[in-house]
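Student: Numbering follows full-length UniProt numbering, with no gaps: position 15 of the sequence shown is 15. A virtual CB, placed ideally from N, CA and C, is assigned to each residue, including glycine.
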Amino acid sequence: MKQALLMIDVQNALVEANPYQITERIAIWKRAISWARESGIEVIFIQHQDDDIIEGSHGWQIYSELAPKQAEKKISKSYNSAFKNTGLKAYLDEQGIESLIIAGMQTEYCVDTTIKVAFEYGYTMFVIENGTTTFEAEDIEATTLIEHYENIWADRFAEVDFLEELIKEEK
């Protein structure tokens with residue numbers, strides 16, 4: 001089954017705002033991107049744009065340590081879903097991609113929405129455990145949000161496991 005790694009909103013504006021355990025997440029994301037490239041798994045970067053993150057601005061750019069290669073697909077979005085009005089589904093179908101590996105930001109917004117829409121479209125999904133992050137909220141800690149969403153996704157919408165487990169399974 002042909003796979004793609006979706007790197008959701010790993011952009012300067014969000015990374016530089018210092019979400020929960022960002023240093024650890026960047027290390028996981030770098031490892032995931034490197035492994036995907038070595039394994040021939042397409043890496044697709046999803047970039048959010050809105051009034052605060054203007055397309056083409058420094059904040060909109062992919063964080064430099066995770067920079068896409070010239071030939072890698074970049075998709076700009078204006079909604080929480082990486083699918084809404086972006087052409088992502090048509091592209092995945094065109095490429096014969098049936099399975100998605102998910103990582104990025106923000107757990108409870110763009111990552112969650114993208115997972116649920118992809119599920120509705122019938123994609124098989126693997127979410128990298130501790131591969132998403134978000135910000136502390138007024139009434140709930142980021143770690144609680146992340147654990148909560150990983151529990152919702154697990155065995156309902158996607159397989160949720162550590163990157164190293166996925167790498168072992170693929171060998």
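1. For K116, collect the residues of the same chain with a Cβ closer than 7 angstroms to its Cβ; drop the 5 residues on either side in sequence, then sort them by chain order.
2. Go through its chain and collect everything with a Cβ distance to E136's Cβ below 6 angstroms, but skip five positions before and after it.
3. By the DSSP assignment, the beta strand (DSSP E) with I46 in it spans what residues?
4. Determine, using beta carbons only, whether I62 and F45 come nearer to each other than 8 angstroms.
5. Could you check the C-alpha separation between V43 and K168 for me, to the nearest Å?
6. Let me make sure I understand the geometry here. Which of G122, R25, L145 has the alpha-carbon closest to that of M7?
7. Of all the alpha helix (DSSP H) runs that stay within the bounds of the UniProt domain "Isochorismatase-like" (4 to 141), which reach a length of 4 or more residues?
Tutor: Here's the rundown:
1. Around K116: F157.
2. Listed in chain order, the non-local C-beta contacts of E136 below 6 angstroms within the same chain comprise A142, local neighbours out to five positions each way being set aside.
3. Run containing I46: 42 to 48, per the beta strand (DSSP E) assignment.
4. Inclusion of I62 and F45 in the CB contact set at 8 angstroms is warranted, their separation being smaller than that value.
5. CA-to-CA, the gap between V43 and K168 works out to about 19 angstroms.
6. Selected option, being the one with the closest Cα: R25.
7. DSSP runs (the alpha helix (DSSP H)) wholly in the UniProt domain "Isochorismatase-like" (4 to 141): 12 to 15, 22 to 39, 88 to 95, 112 to 120.
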